[in-house]
Amino acid sequence: EGPSSSSSSSTVGIHRPALPMTGWEQVCRFLDPEPADLSMEEESDTRKINNSFLRDHNYATEADIISTVEFNSSGELLATGDKGGRVVVFQREQESKSQPQRRGEYNVYSTFQSHEPEFDYLKSLEIEEKINKIKWLPQQNAAYFLLSTNDKTVKLWKISERDKRPEGYNLKDEDGRIRDPSTITSLRVPVLQPMDLMVEATARRVFSNAHTYHINSISVNSDLQTFISTDDLRVNLWNLEITDRSFNIVDIKPANMEELTEVITSAEFHPQQCHTFAYSSSKGSIRLCDMRQAALCDKHCKYFEEPEDPSTRSFFSEIISSISDVKFSHNGRYLMTRDYLTVKVWDLQMENKPLETYQVHDYLRGKLCSLYENDCIFDKFECVWNGSDSVIMTGSYNNFFRMFDRNTKRDVTLEASRENSKPRAILKPRKVCVGGKRRKDEISVDSLDFSKKILHTTWHPHENIIAVAATNNLYIFQDKVN
Amino acid sequence: MEVNVEARRILAVSISKLYASRTQRGGLRLHRSLLLSLVMRSARDIYHSSRESEESTGAHSAPEEPMDTSSSPGEQTRLSEAQHEPQPALNSAELAPEEPDNADDCCDRDTTEDKENLSPVKQSRKRRGKASAAPDFLPSKRARLEPGEERYAAPLGSCRAGAGESLTTLSLNRVIPAF
């Protein structure tokens, strides 16, 4: 890598509605430095690319591992949460006439500590501060609001800008020291003076003590007044204004825990119908529920499940059929689910089988035993739709991520890696060789690095800009239009 | 016999994962524990049924088949046999007292009757003698006691070495009530 400008984007051309299968280029990266055993030269280059996102220490710590990424509803902001309980919000740079090529770059906007580790004394266990999910509220005024959650507590954060401050108080001077009343001889009205832009984050609500088990998802309702938080056995409905109570709307805990066969893995509100939500299970099924039917939505109104193929049965069939993520399409007509080896698109009108099934990394099917031993089989991959619901994306191992075009049925494998990416470099499609002769550019299954996994990705709501979290690094790519 | 070896290996790995998950930061994860117990159950059933068929035929057992997903009719038969095995195998005896004490506090189940004293017919399925010595892959260490804790008499079918029935009487249902 040559000396880098902080990677500037190319000019953004006409927005192409179809999927860009080729032509993804890197907009920017936010990298933690390599461990100290690498050459100094490479490290100094890396530091030039980094900006204030960089932490002080010289090694990749576990606290920096990104655990969630989410664009807000306009795409102007991108939030990441990490294992250390920190949230970092990036903002897209404004278009400027003097530097048109810088449009599309995201810079750090706000950083704050959302959750701290806690200790539950009653159960003698530590509550991790890792941010499991972040969901934005649509913007209604100048401030931005997001919900962030760890295993037990959801918090509503307000992120606002301050670029003015009052000056000229009567009773105290500019440092805040109280003035001696005898020295005050006249009255003046404090005036707002401009100051350097400050972005502050404040916790406006804390929604706690409602979950016995670990929260795996949160979802904001289209009514913008309520949201759900979901743990392994229950879904709770909250009002954004009320923190001391929530309604339990799904409870699948059996009377006798020994009879437990299934847990809830994710839940999401329908994007338009404020009374509809879906939740996925560890058995590979999805239930659609209507909150108007009953206060407790244990009875689903739709049940989506594909019968298991008996020819692929193994010790690990249950694990690989467990759904790790469920997402409604933007138009509200489809559901997408991710299990260990596939992504499936379901039509809400058809319950007995998915509309489409995409193989993410079927070459792992023969390696399930090893993946069980190294714990990779428990990895929970997420999946995302693009803005027009024509393309879906999900992550894999070796820092690969996959995109599937639902219309053309083409797919592509791309890699987020610092070795292969230069500023404005176009990502080269990757290919995994499954057997036989390995071609020059291919990588064999046994060479894949299973410690490098892309679990979290997000797609800009309107444009072809994606953010990909690779362990403790964040990559942002956009469609380069020729 | 490959299937048996594979099942044993998976069981050993699963048990060590279960133990490790108890010290995990953030506490026991219900989803993960459930998946582990499902795998253990399949592996245990395969192991059990393959041991049975080994005993009944007396000879070298069925064709070796790798236990991953390449479909093979022999494997499928064995699996379906395993599914149809009588449920009591699951419910007999209790997991060893290595489970943390606070698991009982969080445990939600009602006190059920003594499960290891089911009808003798079922107990006769347990094997005795040299062939049934504890599989060598099971941990032989005893649980570390917390201060003030006492070690009480291990129930039948304890996980410890020397308990010949340990593998067959492992109750995986006890994994979940740890919450």
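Protein chains in written order, with full-length UniProt numbering: chain A, 1 to 482; chain B, 1 to 179. From the three backbone atoms N, C-alpha and C, an ideal C-beta is built for every residue, glycine too.
* **Residue environment, A/Arg439, which counts as buried when at least 16 other CB atoms sit within 10 Å** => exposed
* A/Lys440 by DSSP, collapsed to three states: which one? -> When DSSP states are grouped into helix, strand and coil, A/Lys440 belongs to the coil group.
* For B/Ile15, return the contacting residues in chain A, with the cut-off set at a CB-CB distance below 7 Å. => Per Cβ cutoff of 7 Å: no residues; B/Ile15 is ~13 Å from chain A at best.
* Does the beta carbon of A/Phe316 sit closer than 8 Å to a beta carbon anywhere in chain B? -> yes
* Asked: Since A/Tyr372 is in the alpha helix (DSSP H), which residue starts that stretch and which ends it?
  -> 368-373
* Would the beta-carbon of A/Gly395 fall within 8 Å of that of A/Phe401? -> Cβ atoms of A/Gly395 and A/Phe401: closer than 8 Å.
* What is the rounded straight-line gap between the Cα of A/Met393 and the Cα of B/Ala7? -> 35 Å
* To do: Tell me whether A/Glu259 is buried or exposed, calling it buried when 16 or more other Cβ atoms sit within 10 Å of its Cβ.
  => exposed
* To do: Could you tell me whether the Cβ of A/Glu116 comes closer than 8 Å to any Cβ of chain B?
  => no
* So, helix, strand or coil for B/His48, using DSSP? -> helix
* **Residue(s) in a DSSP beta bridge with A/Leu78** => A/Phe71, A/Phe90
* Own chain, CB closer than 8 Å to A/Gln359, minus 5 neighbours either side, in chain order -> So the list reads Leu341, Thr342, once near-sequence residues are dropped.
* For A/Ser124, is the classification buried or exposed, using 16 other Cβ atoms within 10 angstroms of its Cβ as the cut-off for buried? -> exposed
* Mark A/Val235 as exposed unless 16 or more other C-beta atoms lie within 10 angstroms of its C-beta, in which case mark it buried. => So A/Val235 counts as buried.
* Which same chain residues, not among the five before or five after A/Thr149, have their C-beta less than 6 Å away from its C-beta? -> Asn132, Lys133, Ile215, Ile218
* To do: Identify the continuous alpha helix (DSSP H) that holds B/Tyr19 and give its terminal residues.
  => It spans 2-22 - the alpha helix (DSSP H) in which B/Tyr19 sits, taken as one unbroken run.
* Asked: Name the chain A residues that come within less than 7 Å of B/Ala43, Cβ to Cβ?
  -> Phe315, listed in chain order.
* Asked: Between which two residues does the alpha helix (DSSP H) carrying A/Ile320 extend?
  -> 317-321
* Asked: Secondary structure at B/Pro30, three-state DSSP: helix, strand or coil?
  -> Note that residue 30 of chain B is Leu in the sequence shown, not Pro. In the structure shown, B/Leu30 sits in a helix (DSSP, three-state: H, G or I).
* Going along chain A in order, which residues have a C-beta closer than 8 Å to the C-beta of B/Leu35? -> Ser282, Glu318, Ile319, Ser322, Phe378
* Alpha carbon to alpha carbon, how far is A/Lys283 from A/Val263? Give it in angstroms, no decimals. => 8 Å
* From the DSSP output, which residues share a beta bridge with A/Pro166? -> DSSP, once it has assigned bridges, lists A/Leu192 as partnering A/Pro166.
* Asked: In terms of alpha-carbon separation, which member of A/Ser73, A/Asn72, A/Ser74, A/Leu78 lies closest to A/Ile66?
  -> Shortest Cα-Cα distance from A/Ile66 to any of A/Ser73, A/Asn72, A/Ser74, A/Leu78 involves A/Leu78.
* Asked: Looking at C-alpha atoms only, which residue of A/Gly168, A/Ser417, A/Arg333, A/Arg92 is the closest neighbour of A/Pro429?
  -> A/Ser417
* Excluding sequence positions up to five away, which residues of its chain have a Cβ less than 8 Å from the Cβ of A/Arg188? -> Gly168, Asn170
* Within 10 angstroms of its Cβ, does A/Thr265 collect 16 or more other Cβ (buried), or is it exposed? -> buried
* Asked: Are the region 461-480 of chain A and the region 234-250 of chain A in contact at 8 Å, needing three or more beta carbon pairs?
  -> no
* DSSP state of B/Glu64 mapped onto helix, strand, coil -> Note that B/Glu64 has pLDDT 41, beneath the 50 cutoff, so the model's placement of it is unreliable and the number below is only indicative. It is coil, neither helix nor strand.
* Asked: Where does A/Ser182 fall in DSSP's three states?
  -> helix
* Within 8 Å, strictly: CB atoms of A/Lys164 and A/Met195 -> Contact annotation: A/Lys164 and A/Met195 have beta-carbon atoms nearer than 8 Å.
* Is DSSP giving A/Tyr397 helix, strand or coil here? -> strand
* Asked: Quick one: which chain B residues come within Cβ less than 9 Å of A/Thr265?
  -> Going along chain B in sequence order, the residues near A/Thr265 (Cβ under 9 Å) are His31.
* To do: To the nearest angstrom, report how far apart A/Ala278 and B/Ser37 are at their CA atoms.
  => Each residue's Cα considered, the two are about 26 Å apart.
* Got a sec: is the Cβ-Cβ distance from B/Val3 to anything in chain A below 8 Å? -> Not one chain A Cβ lies under 8 Å of B/Val3.
* **Enclosing beta strand (DSSP E) for A/Val343 [first to last residue]** => 342-347
* Option nearest A/Glu442 by Cα separation, candidates A/Cys383, A/Cys433, A/Asp449, A/Asn472 -> A/Cys433
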